[in-house]
Amino acid sequence: MKKGFIVSMLLLVSAFLFACSSDNQEASGENGDGATLDFWVFGATNYEDLAKEYEKENPDVKINIKRSELGDHHDSLFTSISAGTGAPDLTMIEVDQLDRYREAQDRFVNLYDLGADEIQDQYLDWKWNMAENGEGDFLFGLPTDIGPKAMYYHTGVFENAKLPTDPDEVSDMISSPDAFADAASKVLDETGKPMVDSMEMAFRANMDALEVSYFNRDGELLIEESGNGVREAYDYAVELHDKGYVGNFEMWTPEWANALNKGEFAVEMAPAWLKGYMTENAPEGKGNWKVTTLPTDFAGNWGGSYVAIPAESEQQEAAYDFAKWLLSPENQLKSFTESGLFPSAPSVYEMDEFVNNEDEYFSGQNTAKYFAEAAQDIPEVYKGPKYVTVNNEVLTALRNVQEGADPQEEWDAAVKRIQDILKR
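Count the sequence shown with mature numbering (1 follows the signal peptide of the UniProt record, and there is no 0) and you get residues -19 to -1, 1 to 405, in order.
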C-alpha cells in the first residue's frame, strides 16, 4: 500500500508538472521547440497566405501578422525601437523610409550575422546594396519587391496625336528627355491634352534616376550643390509646365482616377504597382493603355521595401528562416502573380509564369518584360533620413508654380524651409 501511494503521488506530480509546462508554453507563444513570430506589414501583399503556407510546412511556428497604413506603420516602428520595447520579430521597411533607421543600427539585427551573404546572389545588386550600411558590413533587411518605372501610355491619345502605338516603336521614338518633350508637343497640338498628369510626375522623371539627390552619406544637404541633379529635375518639370505639357491631376485623387479612366493625359511614368490600382480604380481604361520602357535618363525605382529583424526579438533565427523563405525567388513569383509585387530576384524574370504573363487590362500585353528590363538599369540610391520631408517641400514649390508662382522664388523659399527644418 505504501508503494502504491508513492507511485500514485509521483503520477499526480508528473501530471501537474506537465500541465504547468503546457500552460507556460501556450502563454509564451511557444509550442515545443517552435516559436511565435510577430510580423508587421503594410500595403497589398500576399504575405498572410504565404505565412499560412509556411505554418503548414513548419507546424511548430506561428506567425501573427499586423497590417497598418504606410505612415502609421513606420511611426509605430520608430517609436518602439526608440523605446527599446514593443517591436515585432519581423517588420517591413519601405525604401524611402530605410535611411530613417540607419542612425538606429544597433536596434536591428545584422542579417550578415545570420548568414545572409549566402543568398546575396539571388537578388539585384542595387537593391541588396541599398540595405547595407556605409561600410558594407551590416545588412538591415532582405529585399522584398521593387518599383522599376516604365511608361504607361494611352493608345487612343497617341493615335489621335499621329504617334505610333506599338510598345517597341514608342520606346524607339521616345528615347531621350528631348524626344519626350517633342512627343508632348505633338500630343498637345493634335489633342489639346497634356503629356503627363502632374508636376510631381514631371519632377520624378529625372529625380528617381539620381544616385545621390538631397543628401550624401555624411548627412550633408546637397540641394544647392551644382550638378547634383535636383535643381535640373525641378527646372525640367517647370519647363514642361510652361509649354503646357503638364496636367493638374494629383495622384490618388478622384480627379486623377477619372483622368486615367477617360485618357485625359497621354503618359504616366510609374512603377509596376500602378497596374493594380488602374485595374481596380480605372476600369473604363481597360484596353486603352499599354506599357513600354522610359528613356534611359528617366530609368529609376519608385517603391519597394525590405524585411528587417529588430534586435529585441528573442526569435531571431526563426525570424530569419521565415524571411529567407518568404522572399525566395519561388515565393517572389507567387507575390508577383497574386499581389503584383515586382520581384527583386532576377531569376524570376526567366520563370515560365513570368515570361508568359499576360495583362488582360493592357490588351493581353506582357507588361512584365518592360519592367524587368527597367529593373536592370536602376542605380543604387542613397536618400537620407529626411528624404520624405525634404521632397515634400520641393513638391509644394512645384504645385505653387503650377498655380502661377515664380519658379525661382518658390525654389528659394523651399530651400529656406528645408534648411530651417534640418536645424530643428
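Positions of the beta carbon are idealized from the N, C-alpha and C atoms, including for glycine.
So what does DSSP say about residue i, is it helix, strand or coil?
i: Pro129; result: strand
i: Thr277; result: helix
i: Val362; result: coil
i: Lys267; result: coil
i: Trp283; result: strand
i: Glu296; result: Sequence check: residue 296 is Gln here, not Glu. Reduced to three states, the DSSP call for Gln296 is coil.
i: Leu120; result: strand
i: Val272; result: strand
i: Ala112; result: coil
i: Ala16; result: strand
i: Pro69; result: coil
i: Ala289; result: strand
i: Pro252; result: strand
i: Ala340; result: Sequence check: residue 340 is Asp here, not Ala. In this structure, Asp340 counts as strand in the three-state DSSP scheme.
i: Phe246; result: coil
i: Gln6; result: Reliability fails at Gln6, whose pLDDT of 40 lies under 50, so the model's placement of it is uncertain and no value is given.
i: Tyr134; result: strand
i: residue 407; result: Absent from the structure is residue 407, since the part of the chain shown begins at -19 and ends at 405.
i: Pro327; result: helix
State buried or exposed for residue i, treating a residue as buried only when at least 16 other CB atoms are found within 10 Å of its CB.
i: Ala165; result: buried
i: Ser286; result: buried
i: Asn5; result: For Asn5, the pLDDT reaches just 42, beneath the cut-off of 50, and the residue's location in the model is therefore unreliable, although a value from the coordinates is still provided. When all chains shown are included, Asn5 counts as exposed.
i: Asn114; result: exposed
i: residue 408; result: Coverage of the chain is limited to positions -19 through 405, which leaves residue 408 absent and any answer about it impossible.
i: Glu391; result: buried
i: Glu213; result: exposed
i: Met405; result: Checking the sequence, you will find Arg at residue 405 rather than Met. Result: exposed.
i: Val22; result: buried
i: Asn337; result: exposed
i: residue 408; result: Lying outside -19 to 405, the shown extent of the chain, residue 408 is not represented and no answer is given.
i: Lys143; result: exposed
i: Gln78; result: buried
i: Ser194; result: buried
i: Arg185; result: buried
Between residue i and residue j, how many whole angstroms is the CB-CB distance? I'm expecting something under 8 Å.
i: Gly65; j: Glu293; result: 6 Å
i: Glu361; j: Trp107; result: 4 Å
i: Gly244; j: Asn269; result: 6 Å
i: Asp80; j: Pro366; result: 5 Å
i: Lys305; j: Leu31; result: Lys305 to Leu31, Cβ: 13 Å. No contact.
i: Tyr363; j: Val272; result: Contact flag wrong, Cβ pair sits at about 28 Å.
i: Thr17; j: Lys43; result: 4 Å
Open item on the list: Quick check for students: name the residue ranges of the alpha helix (DSSP H) that lie wholly in the region 149 to 229, counting only runs of 4 or more.
Closed with: If one requires a minimum length of 4 residues, the alpha helix (DSSP H) runs lying completely within the region 149 to 229 are 158 to 172, 180 to 188, 211 to 223, in chain order.
Task: Meets three-Cβ-pair contact criterion under 8 Å: the region 379 to 398 and the region 94 to 104 - done: no
Task: Start-end ranges of the beta strand (DSSP E) lying completely within the region 18 to 58, minimum 3 residues - done: 42 to 49
Task: the region 394 to 402 in contact with the region 221 to 238 per 3-pair CB rule at 8 Å - done: no
TODO: Would you check if the region 334 to 344 and the region 171 to 178 touch, i.e. whether three or more CB-CB distances between them fall below 8 Å?
DONE: no
Task: Three CB pairs or more closer than 8 Å across the region 216 to 223 and the region 276 to 290 - done: no
Task: Given 8 Å, three or more beta-carbon pairs between the region 26 to 42 and the region 306 to 324 - done: yes
Task: Touching by the beta-carbon criterion (3+ pairs, under 8 Å), the region 146 to 160 and the region 271 to 278 - done: yes
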